[in-house]
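Colleague:
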Amino acid sequence: GAVVSQHPSWVICKSGTSVKIECRSLDFQATTMFWYRQFPKQSLMLMATSNEGSKATYEQGVEKDKFLINHASLTLSTLTVTSAHPEDSSFYICSARADYYEQYFGPGTRLTVT
Amino acid sequence: AQKVTQAQTEISVVEKEDVTLDCVYETRDTTYYLFWYKQPPSGELVFLIRRNSFDEQNEISGRYSWNFQKSTSSFNFTITASQVVDSAVYFCAYSSSNTGKLIFGQGTTLQVKP
Numbered sequence: 002g003a004v005v006s007q008h009p010s011w012v013i014c015k016s017g018t019s020v021k022i023e024c025r026s027l028d029f030q031a032t033t034m035f036w037y038r039q040f041p042k043q044s045l046m047l048m049a050t051s052n053e054g055s056k057a058t059y060e061q062g063v064e065k066d067k068f069l070i071n072h073a074s075l076t077l078s079t080l081t082v083t084s085a086h087p088e089d090s091s092f093y094i095c096s097a098r099a100d101y102y103e104q105y106f107g108p109g110t111r112l113t114v115t
Numbered sequence: 701a702q703k704v705t706q707a708q709t710e711i712s713v714v715e716k717e718d719v720t721l722d723c724v725y726e727t728r729d730t731t732y733y734l735f736w737y738k739q740p741p742s743g744e745l746v747f748l749i750r751r752n753s754f755d756e757q758n759e760i761s762g763r764y765s766w767n768f769q770k771s772t773s774s775f776n777f778t779i780t781a782s783q784v785v786d787s788a789v790y791f792c793a794y795s796s797s798n799t800g801k802l803i804f805g806q807g808t809t810l811q812v813k814p
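Going down the list, the protein sequences come from chains F and G. Quick note, the first sequence lines up with residues 2 to 115 if you use my numbering. Quick note, the second sequence lines up with residues 701 to 814 if you use my numbering.
#1: Pick helix, strand or coil for residue 63 of chain F, following the three-state DSSP scheme.
#2: In this structure, does DSSP put residue 703 of chain G in helix, strand or coil?
#3: If I'm right that residue 747 of chain G touches residue 795 of chain G with Cβ under 8 Å, what's the distance once you round it to whole angstroms?
#4: What three-state label does DSSP hand residue 772 of chain G in the structure shown?
#5: Give the interface partners of residue 759 of chain G over in chain F, defined as CB-CB distance under 9 Å, in chain order.
#6: Assess, as a yes-or-no matter, whether the stretch 31–48 of chain F is touched by the stretch 800–812 of chain G under the definition of 3 or more beta carbon pairs within less than 8 Å.
#7: Which runs of the beta strand (DSSP E) spanning at least 3 residues fall entirely within the stretch 710–768 of chain G, listed in chain order?
#8: Alpha carbon to alpha carbon, how far is residue 811 of chain G from residue 709 of chain G?
#9: With DSSP collapsed to three states, give me the class of residue 785 of chain G.
#10: Which value, in whole angstroms, describes the spacing of the CA atoms of residue 3 of chain F and residue 27 of chain F?
#11: Just curious, the beta strand (DSSP E) that residue 39 of chain F is in, first and last residue?
#12: Please compile the residues from chain G whose C-beta is within a distance smaller than 9 Å of the C-beta of residue 55 of chain F.
#13: What are the residues in the stretch 717–750 of chain G lying within 9 Å of chain F by C-beta distance?
#14: Could you please give me the residues that DSSP links to residue 798 of chain G through a beta bridge?
#15: Taking contact to mean 3 or more Cβ pairs, one atom from each stretch, closer than 8 Å, check whether the stretch 20–34 of chain F and the stretch 714–734 of chain G are in contact.
#16: Rounded C-beta distance between residue 7 of chain F and residue 75 of chain F? I'm assuming under 8 Å.
#17: Within this structure, are the beta carbons of residue 95 of chain F and residue 5 of chain F separated by less than 8 Å?
#18: Quick check on residue 88 of chain F: does DSSP put it in helix, strand or coil?
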């Protein structure tokens, strides 16, 4: 099956710093990638849709200036959490769309902001 | 707007019992997809099944079975003869045919006790 990786798998950063999370489709090309956020004991909420070569589309309530998404190639999308604060601590999961309806999820990145 | 509801927050069963996880969705779309995912403590989402709105056939895969009923907008998941390894959070999700975005239910935490 298709494989999606995320790096790092976990990260601890200080409040006010920025953190970049990478999402890679290892054995297929993904024109569309999605970023989800999951707070402890909650469901996954879509943050944004990332399309290769174009600007990301953010869901309502998600600050696009805080969560910068870049999808520069068909196999890589990055999410940068700028000026992170403790409330940004969460589990961030990406998925890559292989075809019309099939999505493959990465293993997730656990972000802790101290 | 589309919505997915998993009314059962937590379920606890004893090993070998059968258990059904409920999922109800709301939509006005005529074409859509429904999914079930398993999220073990590691956090990585495990794909279980995808169903499109035109296929109401029930499906069985080993100890897992799914019952899709458009008349009641339900897509329930049954585990037969549950095992401790089935302990996880299970998510039901919806996707319209053209966006690929997944809308997740709140999740059901299943605990299978030995």
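Ideal Cβ placement from N, Cα and C applies to all residues, glycine included. Bear in mind the structure is a predicted one, so any value in this text is a computation, not a measurement.
Modeller: Taking the structure as given:
#1: coil
#2: strand
#3: Not a contact, Cβ separation roughly 12 Å.
#4: helix
#5: What residue 759 of chain G touches in chain F: nothing, since even the nearest Cβ is about 16 Å away.
#6: yes
#7: 710–714, 719–721, 724–726, 732–739, 746–752, 759–761
#8: 11 Å
#9: helix
#10: 7 Å
#11: 33–39
#12: Near residue 55 of chain F there are no residues of chain G at all, since even the closest Cβ is about 15 Å away, more than 9 Å.
#13: 733, 735, 737, 739, 742, 743, 744, 745, 746, 747, 750
#14: Answer is none; residue 798 of chain G lacks a bridge partner.
#15: no
#16: Going by Cβ atoms, the distance from residue 7 of chain F to residue 75 of chain F rounds to 17 Å, so no, they are not a contact pair.
#17: yes
#18: helix
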